[in-house]
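Note that the working numbering has the sequence shown beginning at -1, numbered continuously upward.
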Amino acid sequence: MAIFVTGGAGFIGSEFVRAWVRRFPAETVINFDKLTYAGNLENLAPVANEPGYRMYRGDICDAGAVREALPERCDAVVHFAAESHVDRSILSASEFVRTNVLGTQVLLDVAREKGVKRFLYISTDEVGGSIPPGRLFREDSPPAPSSPYAASKTAGEHLVRAAAHTFGIDALITRTSNNYGPYQFPEKLIPLAISNARLDQPIPVYGDGLQVRDWIHVADNCRAVAAVLQRGRPGATYHIGGGNQTPNRELLGLLLNIMGKPESLLVSVTDRLGHDRRYAVEGSLIRSELGWEPEIPLEDGLRATVQWYDANREWLEHARSGEYRQYYDRMYGRDLKGAGGDRA
Ligand code: NAD
Ligand code: TYD
C-alpha cells in the first residue's frame, strides 16, 4: 500500500505519519508539504529514516509539483494540508482561500488523473459555525461557517463532495474537534498556555473565556482518521469528537492546576472578532459504523502534553518563530503589554 499525505509536517499530519509508519513499516508514505511557518521537519525526526517514508517539499496549489510527487494508482490521498489558524484568517484570508480551496481542487484533479483509489479530506467541526447550547452539529446538518478559516474549509468540503458526485471519486470527509497534544505550534491555545505559564507570562483569554470547545487528543483523532481511511463507507462524512466540551477558562484552570501555576496568569484580552461561542459535534456514526471511541481522558491527555513540552524544550524554542511574534503583537500586543508582558 502507498499513501500520499499532504501537510504531514504539521501538528496532526505529523502525528498521523509517525503512527502510520510505525504501524505499517513495510508500506510507503509520501509526505507532501510546503513547509510553511506551521510545517516543521523536527516533527518527523522519529520516522525520517524509515525505509517507507518519503518527504516531498511542494505546494498543493502547484499541479505540476503534485503530479510529479503523486504515484500512479496510489491507494489514498490523506489531505491535511491547510492554513489552520482562525486568528490569522481574520488578519488576512487570501492564503486560506488559496491553500484550502484552490489547493484542494488541484489535489482532486491530479488524484483523478492518476487514478488514486481513495481521497480523504480532513475537515473541522468549525464548518458548522457556532452551535447554540443544547444542540449538536450532525453530519447531515447544513454547514454554517463563520470565520474565514472555517469558510475556506467548508468550500474545500463542497469541492470534495462535488468531485465525488460528478466523477465518482471515492472521497470521504472527517470533521474533527479541537485537537491538542505534542508538536502543536504554540499559536494555538494549549501550547501557547503551556509555554507562557512555564515562563510565568500572562495567558491571553479572549473575551469572557466562556467559549466552549470539544478537546480531543491528537492520537485519538489520528486513530479515527486511520479507521476512516481503511474502513470508511465511500462518500461518507464522519464527525470525530472528543466528548470533552469545556469552556476555555475551565480548560485553562485545569492546565494551570496540572502545572502548579496560579490562575492569576489568566488575563482577559479583547475578544476575537466574530468568535464562535460553542462547537459541539454529534459523533455517534463513527462509533456505530467503525467502532472507534476516544481513549485518552482529557486530564490524562493534558498531563501527558505538559510533560511532553517539558521534555522537548528545544522543540518549543525552535517553534517560537519571529513571524509568529510579529503577527501576535499586531493583533493582541497592546492588551498584553498592559498586563505586564507580550511574550507569546
Ligand atoms: P498545521 O497548521 O499544524 O499544519 C498544516 C500543514 O500544512 C503544515 O505542515 C504546512 O506546512 C502545510 N501546508 C500549508 N499550506 C500548504 C500548501 N499550500 N501546500 C502544502 N502544504 C501546505 O495544521 P493542523 O493543526 O495539523 O491541522 C491539519 C488539518 O486538520 C487541517 O486541514 C485543519 O483544517 C484540520 N483540523 C485541525 C484541527 C486542530 O485542532 N488543529 C481541528 C480540526 C481540523
Ligand atoms: P484555538 O486554539 O485558536 O482554536 P480554534 O479557534 O480553532 O477553536 O483557540 C481555542 C479557543 O481558545 C478559542 O475559543 C479561542 C481561544 N483562545 C484564547 O482565549 N486565547 C488565545 O490566546 C488563543 C490562541 C485562543
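Positions of the beta carbon are idealized from the N, C-alpha and C atoms, including for glycine.
A heavy atom of the ligand NAD is found nearer than 7 Å to the CB of T122. With 16 or more other Cβ atoms from the protein chains shown falling within 10 Å of its own Cβ, L190 counts as buried. The alpha-carbon separation between H237 and I214 amounts to approximately 12 Å. For E293, the closest alpha carbon among the candidates A222, P232, A142 is that of A222.
With a cutoff of 7 Å, G5 counts as near the ligand NAD, since its C-beta is closer than that to a heavy atom of the ligand.
For T152, the Cβ stays outside the 7 Å cut-off from all heavy atoms of the ligand NAD. A check of alpha carbon separations from G62 across R86, S82, G101, E25 identifies G101 as the nearest. For Q103, the closest of Y119, T268, D298, N41 by C-alpha to C-alpha distance is Y119.
With respect to S144, D274 sits close: the two C-beta atoms are nearer than 8 Å. Bridge pairing for L170: L118 [DSSP]. According to DSSP, F2 shares a beta bridge with I28, V75.
Taking A17 as the centre and dropping the five residues before and after it, the same chain places the C-beta of A217, C220, R221, A224 closer than 8 Å to its C-beta, in chain order. Excluding the 5 residues flanking it on each side, G281 has same chain C-beta neighbours closer than 6 Å at H237, G239, in chain order.
With a contact defined as Cβ atoms closer than 8 Å, L288 and G230 qualify at about 7 Å.
DSSP places N242 in the coil class of the three-state scheme, outside both helix and strand. The Cβ atoms of D73 and M(-1) lie closer than 8 Å to each other. Relative to the Cα of P23, the nearest Cα in the group E48, D31, F30, Y35 belongs to E48. Note: V125 is not bridge-paired with any residue in the DSSP secondary-structure output. Scanning its chain for C-beta atoms nearer than 8 Å, with the 5 sequence neighbours on each side dropped, one finds around R285 the residues E291, in chain order.
The nearest non-hydrogen atom of the ligand NAD is 7 Å or more from the C-beta of F165.
The beta-carbon distance between G154 and A142, rounded to whole angstroms, is 16 Å. This is too long to meet the 8 Å contact definition. Counting only residues of its own chain and dropping the five nearest sequence neighbours on each side, R116 has a CB closer than 6 Å to the CB of A74, D168. DSSP places P202 in the uninterrupted beta strand (DSSP E) bounded by 201 to 204. Counting C-beta pairs with one atom in each stretch, the segment 249 to 258 and the segment 105 to 112 have fewer than three that are closer than 8 Å, which means they do not touch.
In the three-state DSSP reduction, V210 falls in the strand class (E or B). The ligand NAD approaches G37 closely enough that one of its heavy atoms is under 7 Å from the residue's Cβ. Collapsing the DSSP output to three states places H237 in a strand.
In this structure, the CA atom of E312 is about 16 Å from the CA atom of A36. The DSSP-derived three-state label of F22 is coil.
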